[in-house]
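Heads up, the thing below is written out as structure tokens.
There are 2 protein chains.
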Amino acid sequence: MNKYNHPGVQYFQHVSEHCIHYMSIDGVIFGFSENQLKVLLLRWKGTDEWSLPGGFIYKLESVDTAAERVVQERTGLDKLYLKQFHVFGDANRYDQADTWRRTKMPLDGIKWSERTISLGYYALVNYSLVTPMPDLMTDECRWWNIPEVPGLLFDHNHIIDVALQSLRRELSDQPLNQLLPDQFTIPELQRLHECILGAPLDSRNFYKKMLASGQLERLPERRSGTSHKAPYLYRFQP
Amino acid sequence: MNKYNHPGVQYFQHVSEHCIHYMSIDGVIFGFSENQLKVLLLRWKGTDEWSLPGGFIYKLESVDTAAERVVQERTGLDKLYLKQFHVFGDANRYDQADTWRRTKMPLDGIKWSERTISLGYYALVNYSLVTPMPDLMTDECRWWNIPEVPGLLFDHNHIIDVALQSLRRELSDQPLNQLLPDQFTIPELQRLHECILGAPLDSRNFYKKMLASGQLERLPERRSGTSHKAPYLYRFQP
DNA sequence: GTATCTTTACGTACAACTTACGTAAAGCAA
DNA sequence: TTGCTTTACGTAAGTTGTACGTAAAGATAC
Numbered sequence: 014m015n016k017y018n019h020p021g022v023q024y025f026q027h028v029s030e031h032c033i034h035y036m037s038i039d040g041v042i043f044g045f046s047e048n049q050l051k052v053l054l055l056r057w058k059g060t061d062e063w064s065l066p067g068g069f070i071y072k073l074e075s076v077d078t079a080a081e082r083v084v085q086e087r088t089g090l091d092k093l094y095l096k097q098f099h100v101f102g103d104a105n106r107y108d109q110a111d112t113w114r115r116t117k118m119p120l121d122g123i124k125w126s127e128r129t130i131s132l133g134y135y136a137l138v139n140y141s142l143v144t145p146m147p148d149l150m151t152d153e154c155r156w157w158n159i160p161e162v163p164g165l166l167f168d169h170n171h172i173i174d175v176a177l178q179s180l181r182r183e184l185s186d187q188p189l190n191q192l193l194p195d196q197f198t199i200p201e202l203q204r205l206h207e208c209i210l211g212a213p214l215d216s217r218n219f220y221k222k223m224l225a226s227g228q229l230e231r232l233p234e235r236r237s238g239t240s241h242k243a244p245y246l247y248r249f250q251p
Numbered sequence: 014m015n016k017y018n019h020p021g022v023q024y025f026q027h028v029s030e031h032c033i034h035y036m037s038i039d040g041v042i043f044g045f046s047e048n049q050l051k052v053l054l055l056r057w058k059g060t061d062e063w064s065l066p067g068g069f070i071y072k073l074e075s076v077d078t079a080a081e082r083v084v085q086e087r088t089g090l091d092k093l094y095l096k097q098f099h100v101f102g103d104a105n106r107y108d109q110a111d112t113w114r115r116t117k118m119p120l121d122g123i124k125w126s127e128r129t130i131s132l133g134y135y136a137l138v139n140y141s142l143v144t145p146m147p148d149l150m151t152d153e154c155r156w157w158n159i160p161e162v163p164g165l166l167f168d169h170n171h172i173i174d175v176a177l178q179s180l181r182r183e184l185s186d187q188p189l190n191q192l193l194p195d196q197f198t199i200p201e202l203q204r205l206h207e208c209i210l211g212a213p214l215d216s217r218n219f220y221k222k223m224l225a226s227g228q229l230e231r232l233p234e235r236r237s238g239t240s241h242k243a244p245y246l247y248r249f250q251p
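Listed in order, the protein sequences are those of chains A and B.
Residues in the first sequence are numbered from 14 upward in steps of one, following my numbering.
Residues in the second sequence are numbered from 14 upward in steps of one, following my numbering.
Rendered as structure tokens:
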């Protein structure tokens, strides 16, 4: 493919003209399924290299709007819970020459900046509503279990770490219902907490705490099939 | 003064050439003295208009380094406790035409961006070590008690609000010793907590909590003169 | 000098929350 | 039937937080 026809290169030309230079947005999109906390990653065209979804800010666009755009385009969701968690602004965040070589993007002709300041946002989304979609630079978009995330391009492993630490710190205030289906069991909610905290919890105490919070409504049905004693289904109350 | 000789305009020309466009840094510098929480503000040349100290990021400079530079230049301090707390990135953060008119800066010839994304940092500094210094755009740099801060330029009242909320949330983890002299009394530490929280605390319970934390070392001397019963002096332990 | 008031310094009682662990019912597997 | 795992609910002890009592030290008023 001629490099000027490469859709990724054309995208970078568009960005170079219309977006703010020296800045980008990186989105850590968290989902939860099969008792595993997951992030959405992209595989770059013609490579085995993965990265977080990202994007750029139009010159007159609100930063939060740009972040919404990034997450919407990869997930297909229109209502999002998004949170700005950190700015990654070191002069040398990663080895640029090496990273861009690994992406196999023929960007040598493009006027772009020598370094990038990245605004980190994390999103909490309902796994089952997401349709993962790659962008112009990538072949594939899919969920990865947090513990299995491979070595990523740029400093994206570090960004995921910081996002997870932020989520952990804010766990008690955050609307975790965003990460769960409408109906779920207390053991499932416990696995979610354990994945975020990275440590096991005592189920007896977890039950007590969740029921005492008054935020859960017990439904008459139980989840059948999966476990020994069928657990009740719950729903978050408005 | 000819506008091309205005040192502030010359500074903007320098910034326009060497710094990242569309971005700035705003610093909320907190100090504590006479039982009052204070912020350092600047009065713009030939006006009664005040703002936070701010600055720009050189194209190859780390964002944290730029923030240090901003705070160092206004305070004269070289070791700083600085914390990135929020990005202010709305497309319309404030009325630009009106704000720039109020600054009385003759910037019509300067190539600068239509909007600015500001990175908010707060600093906790030792009031008595600070030498407030105005910059090229300003006549005066001085401390203001938080409750007495006037209507500021840009969206800087909002930025102070958000900084204070962040500090409040992180109060228990933050090194508040940065805000205090080497030696202080428990009642002084209590006033500091009260200023940050914006609410009175029970002195009996505050004593218990501070002593139980194990972070304080009682000195043999007491503070004389100021109060009825002379309070003991304390120091933070390493 | 004595009485009074304010501020510090330390103490007690109780409520709220956390942690550790016990146990029976429900379902699966041998 | 026996044994194992998982859910659902309970109890006891420990820790933390809140409300408030009070005596000592110093300042102020008379």
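Ideal Cβ placement from N, Cα and C applies to all residues, glycine included.
What separation, rounded to the nearest whole angstrom, lies between the Cα atoms of residue i and residue j?
i, j, result
"residue 136(A)", "residue 226(A)", "24 Å"
"residue 164(A)", "residue 64(A)", "9 Å"
"residue 89(A)", "residue 151(A)", "16 Å"
"residue 120(B)", "residue 49(A)", "55 Å"
"residue 77(A)", "residue 102(B)", "7 Å"
"residue 230(A)", "residue 212(A)", "26 Å"
"residue 42(B)", "residue 203(B)", "20 Å"
"residue 171(B)", "residue 100(A)", "20 Å"
"residue 185(B)", "residue 199(B)", "16 Å"
"residue 118(A)", "residue 57(B)", "47 Å"
"residue 249(A)", "residue 97(B)", "34 Å"
"residue 54(B)", "residue 139(A)", "45 Å"
"residue 20(B)", "residue 149(B)", "6 Å"
"residue 217(A)", "residue 245(A)", "15 Å"
"residue 70(A)", "residue 156(A)", "25 Å"
"residue 236(A)", "residue 197(A)", "8 Å"
"residue 223(A)", "residue 201(A)", "12 Å"
"residue 147(A)", "residue 82(A)", "14 Å"
"residue 145(B)", "residue 46(B)", "14 Å"
"residue 62(A)", "residue 161(A)", "14 Å"
"residue 104(B)", "residue 126(B)", "12 Å"
"residue 115(A)", "residue 167(A)", "10 Å"
"residue 174(B)", "residue 29(A)", "35 Å"
"residue 191(A)", "residue 232(B)", "52 Å"
"residue 37(B)", "residue 251(A)", "40 Å"
"residue 87(B)", "residue 18(A)", "51 Å"
"residue 25(A)", "residue 154(B)", "43 Å"
"residue 220(B)", "residue 208(B)", "17 Å"
"residue 128(A)", "residue 195(A)", "42 Å"
"residue 22(B)", "residue 158(A)", "53 Å"
"residue 247(A)", "residue 85(A)", "28 Å"
"residue 108(A)", "residue 67(A)", "18 Å"
"residue 176(A)", "residue 187(B)", "20 Å"
"residue 74(A)", "residue 106(B)", "11 Å"
"residue 92(A)", "residue 228(B)", "46 Å"
Go to residue i, then tell me how far its alpha helix (DSSP H) extends in each direction, as first and last residue.
i, result
"residue 224(B)", "216-226"
"residue 204(A)", "199-210"
"residue 20(B)", "20-31"
Exposed or buried, what is residue i when buried is set at 16 or more other beta-carbons lying within 10 Å of its beta-carbon?
i, result
"residue 51(A)", "buried"
"residue 34(B)", "buried"
"residue 243(A)", "exposed"
"residue 110(A)", "exposed"
"residue 132(B)", "buried"
"residue 241(B)", "exposed"
"residue 142(A)", "exposed"
"residue 59(B)", "exposed"
"residue 44(B)", "buried"
Locate the beta strand (DSSP E) running through residue i, then write down its first and last residues.
i, result
"residue 38(A)", "36-46"
"residue 130(B)", "130-137"
"residue 231(A)", "229-235"
"residue 298(B)", "In the structure as shown, chain B begins at 14 and stops at 251. Residue 298(B) is therefore absent and cannot be evaluated."
With residue i and residue j assumed to form a contact (beta carbons below 8 Å), what rounded beta-carbon distance in angstroms separates them?
i, j, result
"residue 72(A)", "residue 31(A)", "7 Å"
"residue 205(A)", "residue 214(A)", "Going by Cβ atoms, the distance from residue 205(A) to residue 214(A) rounds to 11 Å, so no, they are not a contact pair."
"residue 40(B)", "residue 79(B)", "With a Cβ gap of about 10 Å, residue 40(B) and residue 79(B) do not count as contacting."
"residue 210(A)", "residue 181(A)", "6 Å"
"residue 134(B)", "residue 189(B)", "Going by Cβ atoms, the distance from residue 134(B) to residue 189(B) rounds to 17 Å, so no, they are not a contact pair."
At what residue ranges does the stretch 142-197 of chain B contain a whole run of the beta strand (DSSP E), taking only runs of 3 or more? 151-158
Going residue by residue through the stretch 56-112 of chain B, where are the continuous beta strand (DSSP E) segments of at least 3 residues, counting only ones entirely within it? Those beta strand (DSSP E) runs which fall completely within the stretch 56-112 of chain B and span 3+ residues are 94-101.
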